[in-house]
């Protein structure tokens, strides 16, 4: 079973977790506080597929891709350099509580 670890105090993160949960039973949504301290300190989504761990933008891409079907088109964003994707992800992650206020 694959696992996506998200910040459950973040509106954007929980929305993405619910998005995954509604579309597949193959991904379990977990609280990022269940991770080891070094992963929590990264302050980004963590996605586990078997023994592989993905972080940040790559975690988003891989977890969305694993939904299959039309969602596999997410791989198209990998045409952008990793440093660019990571920078965009880091900007959104750093400002997520400001951008996506609690309801």
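Numbering (this note's numbering), first residue to last: 1225 to 1327.
Even for Gly, the Cβ is constructed at its ideal location relative to N, Cα and C.
Residue 1298 and residue 1323 have their C-alpha atoms roughly 23 Å apart. Residue 1285 sits away from residue 1230, with the two beta carbons spaced by 8 Å or more. Contact check for residue 1251 against residue 1290 passes: the beta carbons are separated by less than 8 Å.
Under DSSP, residue 1226 forms a beta bridge with 1251.
In the three-state scheme derived from DSSP, where H, G and I count as helix and E and B as strand, residue 1267 is classed as coil.
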